[in-house]
Amino acid sequence: MPEDELVAKAFDADKHEELAQAIQSLNPEEAQFFLEKLERAVRKRKIQITGYLAAMLVWVVGMMISLMYYGMSNGGFIGWVFLMPFLGVGLVLYGFGKWADRVGNPPAKN
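What follows is the structure, encoded as structure tokens:
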């Protein structure tokens, strides 16, 4: 689901004045609704950034382990070992992406 345009303006420094004027025109219930959407968007972005950092760490550690394993091997084809860090990165990004989507989307109404 795409972000609300008011929430997107909160992350654009050039549009803060326009956002402030739009928020002032909201009634208290609408302002509370907007605040909840903004908090979800901020949490989602924090989780995504943490996921990117975790993926970089997994890649660096995975490549070091792969290089050590490759260096200690005594022959045979072990080039596959250099694919493992990328598999780890993919799994981390997928996991953090699912988590961010679950946190960033509003709860389902029954």
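Count the sequence shown with my numbering and you get residues 112 to 221, in order. Positions of the beta carbon are idealized from the N, C-alpha and C atoms, including for glycine. Note that the structure is a prediction, hence the values are computed from the model and not measured.
{"Check": "Is DSSP giving P217 helix, strand or coil here?", "Outcome": "coil"}
{"Check": "With distances taken from CA atoms, which of S177, R154, I134 is nearest F145?", "Outcome": "I134"}
{"Check": "For the stretch 191–198 and the stretch 162–175, state whether three or more C-beta atom pairs, one from each stretch, are separated by less than 8 Å.", "Outcome": "yes"}
{"Check": "Is the CB-CB distance between F207 and I158 below 9 Å?", "Outcome": "yes"}
{"Check": "Using a 10 Å radius around the Cβ and a threshold of 16 neighbouring Cβ atoms, would you call A62 buried or exposed?", "Outcome": "Here the chain covers residues 112 to 221 and nothing more, so residue 62 does not appear."}
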